[in-house]
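Take 6 as the starting number for the sequence shown in this note's numbering and just add one per residue.
Here a beta-carbon is modelled for each residue, glycine too, at the ideal position from N, C-alpha and C.
Note that the structure is predicted; figures quoted are calculated from it, not measured.
A short write-up of the structure that comes next.
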Amino acid sequence: MLTNRDSARDSIHALSDQDLVALLAEEFSRRPTLRPVRDDVTALLAMSPTLALAQEHAVANPAAAAVARTRIVASALGAIVDQHDMLDSTAVSRVLGKAATSRNTASRLTASGTVIALPASGQKLYPAFQFDASRQEVRPIVRELNRRLGAKDDPWGVASWWLSPTAFADDPRSPAELALAGDMDEELRDMADDLTQD
């Protein structure tokens, strides 16, 4: 029995991401007890932009998948905003020592990919960990890694990486917490490298 599971696991590991999503959707369809969650699961698996096309082919009901994906994304995004300190553009200007009426500061930093700006409820919110108020600057390691990870094009994905706990080096703190602690720049670079190599 264990040999069969190991063999199956090896076969699954050899599949491309798209083929894996298609296989899972097919298996969920074959098992009556799993059919009700098939579209939700495949929508969740396909949240990676590279899997979007595979998800379209894998789900039986694209409308249900779209609703499931929207619900999953809204829940995840809400958790990020609700559980972490956020600044609006006026607060960003103040933290950086600029005039409180200057919203251009935050916009310029966002446009260059220097900081994460999360669109939420008709405004942009900026995770507070990115800024060092005592030095009135964007933390240098945050600036560097936001650009490397593509914060301009994928702000929610990069925010999720920064704000999610990690098991790196047996330290459960999030990359944002490591950035706040200081003296962890090399570890953060290694973690970002691991992410971009996946």
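_Once the 5 residues before and after residue 143 are set aside, which same chain residues still bring their CB inside 8 Å of it?_
101, 114, 119, 120, 135, 136 and 137
_Runs of beta strand (DSSP E) wholly within the region 124 to 169 (minimum 3 residues, chain order)_ = 128 to 132
*Have a look at 165, 189 and 164 and flag the residue whose alpha-carbon is nearest the alpha-carbon of residue 176.*
189
_Per-residue DSSP class, three states only, for residue 2_ = What is shown of the chain runs 6 to 203, which leaves residue 2 out entirely.
_Excluding the 5 residues flanking residue 146 on each side, which residues of the same chain have their C-beta closer than 6 Å to its C-beta?_
184, 190 and 193
*To the nearest angstrom, report how far apart residue 127 and residue 87 are at their CA atoms.*
16 Å
*Using DSSP with H/G/I as helix, E/B as strand and the rest coil, what is residue 110?*
helix
*Taking the alpha-carbon positions, what's the residue 140 to residue 133 distance?*
14 Å
*Run the CB neighbour count on residue 85, radius 10 Å, all protein chains shown included, and call it buried at 16 or more, exposed below.*
buried
*Kindly give me the distance between the Cβ atoms of residue 200 and residue 166, rounded to whole angstroms, as I take these residues to be in contact under 8 Å.*
6 Å
*What three-state label does DSSP hand residue 25 in the structure shown?*
helix
*Within its chain, find whatever has a CB closer than 8 Å to the CB of residue 18; leave out the 5 residues flanking it on each side and keep chain order.*
none
*Express the C-alpha separation of residue 10 and residue 198 in angstroms, rounding to a whole number.*
Whole-angstrom Cα-Cα distance: 32 Å.
*asked:* Taking 7 Å as the limit between beta carbons, can you name the residues of its chain near residue 170, skipping five residues before and five after?
replied: 177, 178 and 179
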